[in-house]
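**Student:** Chains as they are written, first to last, in this note's numbering: chain A, 1 to 315; chain B, 1001 to 1315. From the three backbone atoms N, C-alpha and C, an ideal C-beta is built for every residue, glycine too. Before we start, here is the structure in question, set down as structure tokens.
2 protein chains.
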Amino acid sequence: MAETAALVLDVGGTKLACGVLDAGGRVLAAGRLETPTSDVASAEGLWRTVLSLLDRFDEAREGRELVGVGVGCGGPMRWPAGEVSPLNIPAWRDFPLRRRLQERYPDVPVRLHNDAVCVAVGEHWRGAGRGADNVLGMVISTGVGGGLVMGGRLIDGASGNAGHVGHVVVDPDGPPCACGGRGCLEAIASGPKLAAWAVAHGWRSADGATAIELAADAARDHPVARAAMERAGRALGIAIASATHLLDLEVVAVGGGLSQAGPLIFEPLEDALREHAKLDFAREVRVVPAALGQEAGLTGAGALVLAGGRYWNAD
Amino acid sequence: MAETAALVLDVGGTKLACGVLDAGGRVLAAGRLETPTSDVASAEGLWRTVLSLLDRFDEAREGRELVGVGVGCGGPMRWPAGEVSPLNIPAWRDFPLRRRLQERYPDVPVRLHNDAVCVAVGEHWRGAGRGADNVLGMVISTGVGGGLVMGGRLIDGASGNAGHVGHVVVDPDGPPCACGGRGCLEAIASGPKLAAWAVAHGWRSADGATAIELAADAARDHPVARAAMERAGRALGIAIASATHLLDLEVVAVGGGLSQAGPLIFEPLEDALREHAKLDFAREVRVVPAALGQEAGLTGAGALVLAGGRYWNAD
Chain A
1 MAETAALVLD VGGTKLACGV LDAGGRVLAA GRLETPTSDV ASAEGLWRTV
51 LSLLDRFDEA REGRELVGVG VGCGGPMRWP AGEVSPLNIP AWRDFPLRRR
101 LQERYPDVPV RLHNDAVCVA VGEHWRGAGR GADNVLGMVI STGVGGGLVM
151 GGRLIDGASG NAGHVGHVVV DPDGPPCACG GRGCLEAIAS GPKLAAWAVA
201 HGWRSADGAT AIELAADAAR DHPVARAAME RAGRALGIAI ASATHLLDLE
251 VVAVGGGLSQ AGPLIFEPLE DALREHAKLD FAREVRVVPA ALGQEAGLTG
301 AGALVLAGGR YWNAD
Chain B
1001 MAETAALVLD VGGTKLACGV LDAGGRVLAA GRLETPTSDV ASAEGLWRTV
1051 LSLLDRFDEA REGRELVGVG VGCGGPMRWP AGEVSPLNIP AWRDFPLRRR
1101 LQERYPDVPV RLHNDAVCVA VGEHWRGAGR GADNVLGMVI STGVGGGLVM
1151 GGRLIDGASG NAGHVGHVVV DPDGPPCACG GRGCLEAIAS GPKLAAWAVA
1201 HGWRSADGAT AIELAADAAR DHPVARAAME RAGRALGIAI ASATHLLDLE
1251 VVAVGGGLSQ AGPLIFEPLE DALREHAKLD FAREVRVVPA ALGQEAGLTG
1301 AGALVLAGGR YWNAD
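Quick look at the structure:
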């Protein structure tokens, strides 16, 4: 049997990533570039950038038979139609990304899902959730996203939006959320919200008040920075307790920038989780750092076509 | 083709229900009796009571071919082994209910699940969730339980415990919960907790301080009774908002005694849900009263064997 490969793409607000996976999900080649800034990029200009990236990596197949194209993209989107309106890419509003790619690659399946869903799928297929059947994958970054694998299969929900763990309510009287609600996990634990809380409580930033800087200050025992990490970690633990009770999860894989902060975030997370997840079955849940780093999204995008029986339930 | 039927059983802390369903899930015959009180019932005594009930309804098949036995039972339990330890039936601890029934009916599948899961399955198969693929079924009674159907299939979780919506955290600093946690939905919105809150806030009961009595007083505009219903309804709305964001649900079917209170509970529920469920996809969720009433549990138990392709994922 000839060797096969999938072409994979991950479209985010800051980075465009592209790569080639072998049939087993190994990344044979990958690269990324800055997403062209919104005020100069037109819908078609961005599409041409994507095409040139795909062309470059399509060559990296080195003769392996192309079996499909898998794509992760920032939401919201119409799914499974794949008409995308990524929050941080104003140039694309209802852009028919899946159809355009299908026209470009007419002989193979082209499948597209939310980028956080792809991260969760990647972690289940080849990362920290491997071997478990019931997994929540989370990405804590400028937002808090996620995806769900239950009974070994990706859960899509009514419109492909299952996995929005960032909008689990962790404090009904908590701060307003960008979604219009209040007290969502994302309103407390996303990088920008976390840093903003620290600034409001007296933390002075030397360099843009990012969550990365905040984590570094917390590691140096800055009291407000530590309190901010504690607050975010506890919010994560409460949301994970709720999700675990509702879903009887085995593994929660936590990725994204903030997860790099290690014990500063995972210790308060575990404390709050264990205070709230008291039912016998819920005590069994394991919260682990994501394992695939930047490759999770591409790996999961590949799984949509390379392991579609488990990870693709649409047409 | 000969007509077929399933024998169904629902084992609860207060009632034992039994019945016969035709292949389409219609209840051909059903009856219930009080669960023998815990302090006089032995494990084997209760088993004999169950057997006599089954024998009686097995006759009601009237010659239809028996295709399976479906059982709902109060948790906790080892699932799918079906070794049950219902919270309110102390006589049964690790009682091998599924195995005993399989020995009694060796020629057909015997399948058992959590009673609240069976209610959710019943409502999805033949009730308020019919036609939707992503449904949370809830039972608000002495506890708050539930079950989940996603992508048209029952979700079990790692150990058959998916659906424990009663332990979604709605107020992290809220009242202690029987599970050992704090601020769970059940600690606020279950019938007994709701009534206890009203008593603590000055409501005087004439008749045992039940949630039914409380609902009646709320309907008569008693201010504390109304405040209690409002508080429970809001807690339900917050939990449903979290579940909807996490799961991209289409329908939430709410049953159990408290759901009988109608607008007194559904209005504050809707208000809180709409305040918190703001993402576009989440606005689409519909919260509806359960449709099958007392027959939901038996109908869902029947679905485990009559529609096992969708509702039974175990051995």
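1) Any chance you could list the beta strand (DSSP E) runs of at least 3 consecutive residues sitting entirely within the region 112 to 142 of chain A, in chain order?
2) For A:K278, which of helix, strand or coil comes out of DSSP?
3) With 8 Å set as the bound, which would you pick, yes or no: does the beta-carbon of A:G181 sit closer than that to a beta-carbon of chain B?
4) With 8 Å as the threshold, decide whether the Cβ of B:F1266 is near any Cβ in chain A.
5) Measure the CB-CB distance between A:R234 and A:A272 and report whether it falls below 8 Å.
6) Under a CB-based cut-off of 8 Å, is A:F318 close to chain B?
7) Check the Cβ-Cβ distances between A:V139 and every residue of chain B, and say whether any is below 8 Å.
8) Rounded to the nearest angstrom, what separates A:W92 and A:G166 at their Cα positions?
9) Return the residue from the list A:L185, A:E44, A:A219 that minimises the CA-CA distance to A:V168.
10) What residue ranges within the region 43 to 83 of chain A form continuous alpha helix (DSSP H) runs of no fewer than 4 residues, ordered along the chain?
11) Note down, in chain order, every chain B residue with its Cβ under 8 Å from the Cβ of A:A243.
12) Return the chain-ordered list of same chain residues with a C-beta closer than 7 Å to the C-beta of A:L292, the five sequence neighbours on each side being excluded.
13) Within 8 Å of any Cβ in chain B, is that where the Cβ of A:H222 sits?
14) Once DSSP output is grouped into helix, strand and coil, what is the label at B:E1295?
15) Within the continuous beta strand (DSSP E) that includes A:L154, where are the two ends?
16) Kindly identify the DSSP beta-bridge partner or partners of B:G1031.
17) Who are the neighbours of A:N319 on chain B, taking C-beta pairs under 7 Å?
18) Start and end of the alpha helix (DSSP H) containing A:L185?
19) Find the nearest neighbour of B:G1012 within the set B:G1160, B:A1132, B:R1286, B:G1143, judged by alpha-carbon distance.
20) Do you know whose CA, among A:L279, A:G145, A:G63, lies nearest A:H164's CA?
21) By alpha-carbon positions, which one of B:D1280, B:A1314, B:S1259, B:L1306 ends up nearest to B:V1287?
22) Nearest-angstrom Cα distance between B:D1132 and B:G1152?
23) For the alpha helix (DSSP H) containing A:L236, name the first residue and the last one.
24) So, B:L1148 versus B:V1071, is the Cβ gap smaller than 8 Å?
25) How would you write the range of the beta strand (DSSP E) that A:R286 sits in, first residue to last?
26) Between which two residues does the beta strand (DSSP E) holding A:G147 run?
27) If we ignore side chains and look at the alpha-carbon of each, how far apart do B:A1296 and B:V1119 end up?
28) Do B:G1237 and B:P1268 count as a contact pair if the criterion is CB distance below 8 Å?
29) Please say whether A:G45 and B:H1276 have beta carbons closer to each other than 8 Å?
30) For B:N1313 and chain A, any beta-carbon pair shorter than 8 Å?
31) Between A:M229 and chain B, is there a C-beta pair that is closer than 8 Å?
32) At 9 Å on the CB atoms, spell out the chain A contacts of B:V1124, in chain order.
33) Which residues of chain A have a Cβ atom closer than 9 Å to the Cβ of B:N1114, listed in chain order?
34) Do A:V84 and A:F95 have their C-beta atoms closer together than 8 Å?
35) Residues of chain B with CB under 8 Å from A:A128, in chain order?
36) Can you check which of these residues, A:V27, A:C18, A:V252, A:R100, is closest to A:L33 by C-alpha distance?
**Tutor:** By the coordinates alone:
1) As far as the region 112 to 142 of chain A is concerned, its whole beta strand (DSSP E) runs of at least 3 residues are 135 to 140.
2) Looking at A:K278 - three-state DSSP - the assignment turns out to be coil, as it is neither helix nor strand.
3) Judged by the 8 Å Cβ criterion, A:G181 is in contact with chain B.
4) Judged by the 8 Å Cβ criterion, B:F1266 is not in contact with chain A.
5) Yes, they are a contact pair.
6) Residue 318 of chain A is absent from the model: chain A starts at 1 and stops at 315.
7) A:V139 does not count as touching chain B.
8) When rounded, the distance between both Cα atoms is 23 Å.
9) Closest option to A:V168, judged by alpha-carbon separation, among A:L185, A:E44, A:A219: A:L185.
10) Entirely contained in the region 43 to 83 of chain A, the alpha helix (DSSP H) runs reaching 4 residues are, in chain order, 43 to 59.
11) L1246, listed in chain order.
12) If we look at A:L292 and ignore the five residues flanking it on each side, its Cβ neighbours are G122, E123, R126, G127, T299.
13) Contacts with chain B at 8 Å (Cβ-Cβ) do not include A:H222.
14) DSSP, read as helix, strand or coil, puts B:E1295 in helix.
15) First-last of the beta strand (DSSP E) with A:L154: 153 to 155.
16) Looking at the DSSP output, B:G1031 sits in a beta bridge with B:C1018.
17) With chain A represented from 1 up to 315, any question about residue 319 of chain A goes unanswered, as that position is not in the structure.
18) Residues 185 to 189.
19) Of the residues B:G1160, B:A1132, B:R1286, B:G1143, the one whose Cα lies closest to the Cα of B:G1012 is B:G1143.
20) Nearest to A:H164 by alpha-carbon distance, out of A:L279, A:G145, A:G63, is A:G145.
21) The residue from B:D1280, B:A1314, B:S1259, B:L1306 with its alpha-carbon nearest to that of B:V1287 is B:S1259.
22) For the sequence presented, residue 1132 of chain B should be read as Ala rather than Asp. So the alpha carbons of these two residues sit roughly 7 Å apart.
23) Taken as a continuous stretch (DSSP letters only), the alpha helix (DSSP H) holding A:L236 covers 223 to 247.
24) No, the pair does not count as a contact, with Cβ atoms beyond the cut-off.
25) Counting along the chain, the unbroken beta strand (DSSP E) around A:R286 starts and ends at 286 to 289.
26) Bounds of the beta strand (DSSP E) holding A:G147 are 144 to 150.
27) Rounded to whole angstroms, B:A1296 to B:V1119 spans 5 Å at the Cα level.
28) In this structure, B:G1237 lies closer than 8 Å to B:P1268 by Cβ.
29) Their beta carbons are not under 8 Å apart, which means B:H1276 does not touch A:G45 by this criterion.
30) Yes, B:N1313 lies at the interface with chain A (some Cβ there is under 8 Å from its Cβ).
31) Taking Cβ atoms only, chain B never reaches closer than 8 Å to A:M229, which makes this a no.
32) Residue identity differs from the one stated: residue 1124 of chain B is His in this sequence, not Val. Ordered by position in chain A, no residue passes the 9 Å Cβ test against B:H1124, which lies about 14 Å from the chain.
33) Simply none; closest approach about 11 Å.
34) Yes.
35) Chain B residues near A:A128: none, gap ~16 Å exceeds 8 Å.
36) Closest by alpha carbon: A:C18.
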